[in-house]
Amino acid sequence: MSNNELTVIDREGSTHRLEWEPDQTMMEALRDNDLPVLASCGGTASCATCHVFLDKEVFDTLGERSEDELELLVEAEGYQECGSRLSCQLDFSRELNGVTVTLAPED
Amino acid sequence: MREQTAIQDHMAHFASAATAPVVIVGAGHSGVAVAAGLRARGWKGGILLLDAEKETPYERPPLSKELLKAGAPDESAVLRKEKFYQDKRIQRVAGAAVESVDRQGRTVLLSDGSRHAYHRLVLATGSRARPLTVPGARLPGVQALRTRDDALELKRLLVAGTRVAIIGAGYIGLEVAAAAAAKGCNVTVLEFQDRVMSRVTSVPVSRHFEKLHERHGVRFVFGAAVTEIEGGQRAERVVTADGAVFHADVVLAGIGVIPNQELAAEAGLECRDGILVDEDCLTSDAAIYATGDVTRFTSPIDGASQRLECIQNAQAQADRVAAHITGQPAAAPEIPWFWTVQHGVRLQTAGVRRPEDDVIVRGDPAGGSFSVIYARDGRLAAVDTVAGLADFRPARKLIAQGALIDPGLAADPGVPLADTILDDPAPAHADLAPARI
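As they're listed, the protein sequences go chains A and B.
This note's numbering numbers the first residue of the first sequence as 3 and each following residue consecutively.
This note's numbering numbers the first residue of the second sequence as 204 and each following residue consecutively.
Listed below in structure tokens is the structure:
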């Protein structure tokens, strides 16, 4: 399977284009491309340091957030009901090829 | 010592420092995070990662959780893909045993006789399971859990009907108890104290998890001082001080960890149950850092001398090391946090509780989901969340602020935690930025 392309807007507003490999979660793709994603919990939906915003159209194509993910996000800086996700919970999928994500502010 | 560093840097320049890499000893969470952090912060020089283990560095939390589950793959999640190390020019030496450090010459000696110069040395040697020392402790069937190999051996042994005796009701012991019970083992937990997780949590949380385990068939024996493991070819019985005998096919000792400080101590670095480091994670040698489980340091939050055995600290200290080596500012100190999952129920803790803290139960444990607030001199010091994370992030922020809490309001789970804070005439930690969460 070929890689996805991902466009990332960082916290300073700069745009990065990166390759997202099929065996990675979105968090891993962000982290391994040196974007400032701390991912303190290693991808277990425990910390919310990998919080990103997605466009509503993209967000709507994804499955429901787990209770843990939602509880962490609701208290996060800049939470968007129809846009916030923990990127560690987003597996590679064709539907996410070419999407743009924005790193949420650190709080 | 610090003043000497500049001179040594200058002198060593002619020998090796200009070309010598940052050498990292240990490829657990913290060691790998230092390597990755150096590259993310723009470090252009060499990075040599000396890994005592053979396989690609891996995540440890799943070893006592997901990995033990029936049907789970034997592969543990890796910290970074193999390709990452190549792409980032991180030279990893697998199976490297570091014999000694020559601080004067700034080299490390490996057991294969090779010697490696360092520009800066980072000790990320971690900790090891505290060994059981009673007679019989070395019999086959007596296990510890620290490495992937330990976990795979344990997984092989935990089959339905196996009698499992677990010594110590801490995180590791209880996570294994849950995994073993789920596989149909007959599980007995022997604990010296009078409740589970007594070092890290309060009575209400202990009681909640005891009941949870008991509902899944786990049996607890408190006040149990193990005096001997008996058996012929393998462990067969665990004997306690009162003469009680527990038949067991597998014995797991989960009785804490010991920092791997020997390399540092033999090199003359200051150690005291951990390698002593300052706020930049420097040891008593200004060319040598230490990071992660192996360190002892003064908490920037409350001034306590502490060792923290957690992923959060391993990551945060690694970032301080990478920042200092590259001459960049480090992030603000963080409120430490911890988590465990037992029978699918998550206990996640922000801050470090002390036994003398005031305890406020927030919500009804019988409902399954609740929090426990720990207040010290009226200020929020730590929070346990059980089966719910709604209080977790607010707690970390408020602990960082040293917020004054209204105990009456805090007991009401209907009131958001942030709304239980009192006006504060003298903020406790005005110098601390909010924690990154």
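We put the CB at the ideal spot given by N, CA and C, even for glycine.
Cross-strand partners of residue i (DSSP beta bridge)
| i | result |
| --- | --- |
| arginine 19 (chain A) | A:Thr9 |
| tryptophan 542 (chain B) | B:Gln551 |
| asparagine 389 (chain B) | B:Arg366 |
| leucine 105 (chain A) | A:Val54 |
| aspartate 505 (chain B) | Per DSSP, none; premise fails for aspartate 505 (chain B). |
| leucine 346 (chain B) | The residue you asked about is not leucine; residue 346 (chain B) is glutamine in the sequence shown. In the DSSP output, where bridge partners are listed per residue, glutamine 346 (chain B) has B:Leu455. |
| threonine 494 (chain B) | Answer is none; threonine 494 (chain B) lacks a bridge partner. |
Simplified DSSP state of residue i, which is helix, strand or coil
| i | result |
| --- | --- |
| isoleucine 528 (chain B) | helix |
| valine 429 (chain B) | strand |
| cysteine 84 (chain A) | coil |
| cysteine 49 (chain A) | coil |
| valine 618 (chain B) | coil |
| cysteine 474 (chain B) | strand |
| glutamate 394 (chain B) | strand |
| proline 462 (chain B) | strand |
| glutamine 604 (chain B) | helix |
| histidine 416 (chain B) | helix |
| alanine 218 (chain B) | Note that alanine 218 (chain B) scores 45 on pLDDT, short of 50, meaning its location in the model is unreliable; the coordinates nonetheless yield the value given after this. Reduced to three states, the DSSP call for alanine 218 (chain B) is helix. |
| glutamine 518 (chain B) | helix |
| histidine 450 (chain B) | strand |
| alanine 629 (chain B) | coil |
| alanine 239 (chain B) | helix |
| isoleucine 640 (chain B) | Since pLDDT at isoleucine 640 (chain B) reaches only 43, below the 50 mark, its modelled position is unreliable, and no value is offered. |
| methionine 3 (chain A) | coil |
| tyrosine 321 (chain B) | coil |
| serine 330 (chain B) | strand |
| arginine 510 (chain B) | coil |
| glutamine 26 (chain A) | coil |
| arginine 523 (chain B) | helix |
| serine 574 (chain B) | strand |
| valine 151 (chain B) | Chain B is shown only over 204 to 640; residue 151 (chain B) falls outside these bounds and no answer can be derived. |
| arginine 499 (chain B) | strand |
| alanine 598 (chain B) | helix |
| alanine 569 (chain B) | helix |
| leucine 612 (chain B) | helix |
| threonine 336 (chain B) | coil |
| arginine 2 (chain A) | This structure does not reach residue 2 (chain A), given that chain A is present from 3 up to 109, and the question cannot be answered. |
| isoleucine 624 (chain B) | strand |
| proline 381 (chain B) | For the sequence presented, residue 381 (chain B) should be read as alanine rather than proline. Note: alanine 381 (chain B) maps to helix in three-state DSSP. |
Of the listed residues the options, nearest to residue i (C-alpha basis)
| i | options | result |
| --- | --- | --- |
| tyrosine 577 (chain B) | B:Asp627, B:Val555, B:Val524 and B:Gly426 | B:Val555 |
| aspartate 505 (chain B) | B:Gln604, B:Pro264, B:Arg596 and B:Ser405 | B:Gln604 |
| valine 524 (chain B) | B:Ala327, B:Gln289 and B:Pro630 | B:Ala327 |
| cysteine 84 (chain A) | A:Leu40, A:Pro38 and A:Phe55 | A:Phe55 |
| glutamate 417 (chain B) | B:Val441, B:Ala385 and B:Arg549 | B:Ala385 |
| alanine 383 (chain B) | B:Val453, B:Ala340 and B:Thr430 | B:Val453 |
| alanine 280 (chain B) | B:Arg351, B:Asp627, B:Thr623 and B:Trp542 | B:Arg351 |
| valine 390 (chain B) | B:Ala363, B:Ala236, B:Thr529 and B:Pro407 | B:Ala363 |
| alanine 41 (chain A) | B:Arg244, B:Ala236 and B:Val480 | B:Ala236 |
| valine 415 (chain B) | B:Ala606, B:Ser405, B:Glu439 and B:Ala569 | The sequence shown places leucine at residue 415 (chain B), not valine. Considering only alpha carbons, the answer is B:Ala569. |
| serine 314 (chain B) | B:Gln436, B:Arg333, B:Glu356 and B:Ala255 | B:Ala255 |
| alanine 299 (chain B) | B:Ser405, B:Arg318 and B:Ala368 | B:Arg318 |
| threonine 443 (chain B) | B:Glu469, B:Val392, B:Arg410 and B:Thr529 | B:Val392 |
| valine 424 (chain B) | B:Val406, B:Ile370 and B:Arg437 | B:Ile370 |
| valine 345 (chain B) | B:Glu439, B:Leu241 and B:Ala614 | B:Glu439 |
| aspartate 445 (chain B) | B:Gly459, B:Val429, B:Gly435 and B:Arg437 | B:Val429 |
| leucine 8 (chain A) | A:Pro107, A:Glu77, A:Glu108 and A:Val60 | A:Val60 |
| proline 38 (chain A) | A:Gly100, A:Arg96, A:Gly15 and A:Gln82 | A:Gly15 |
| valine 301 (chain B) | B:Pro539, B:Gln464 and B:Ala521 | B:Gln464 |
Distance CB(residue i)-CB(residue j) smaller than 8 Å
| i | j | result |
| --- | --- | --- |
| valine 586 (chain B) | alanine 553 (chain B) | yes |
| leucine 92 (chain A) | threonine 27 (chain A) | yes |
| isoleucine 375 (chain B) | glycine 457 (chain B) | yes |
| glutamine 551 (chain B) | leucine 485 (chain B) | no |
| alanine 223 (chain B) | alanine 320 (chain B) | yes |
| serine 330 (chain B) | aspartate 561 (chain B) | no |
| glutamate 537 (chain B) | alanine 519 (chain B) | yes |
| leucine 271 (chain B) | alanine 354 (chain B) | yes |
| valine 226 (chain B) | leucine 335 (chain B) | no |
| glutamine 545 (chain B) | glutamate 378 (chain B) | yes |
| leucine 74 (chain A) | arginine 596 (chain B) | yes |
| alanine 490 (chain B) | alanine 467 (chain B) | no |
| isoleucine 608 (chain B) | glycine 581 (chain B) | yes |
| isoleucine 461 (chain B) | valine 337 (chain B) | no |
| glutamine 294 (chain B) | leucine 251 (chain B) | yes |
| leucine 88 (chain A) | alanine 50 (chain A) | yes |
| arginine 437 (chain B) | leucine 348 (chain B) | no |
| alanine 381 (chain B) | histidine 419 (chain B) | yes |
Neighbour flag for residue i against chain D, beta carbons, 8 Å
| i | result |
| --- | --- |
| alanine 31 (chain A) | Given the protein chain composition of this structure (A and B), no chain D is represented. |
Review point. Can you list the beta strand (DSSP E) stretches of 3 or more residues lying completely in the region 246-303 of chain B, in chain order?
Key: 250-254 and 293-297
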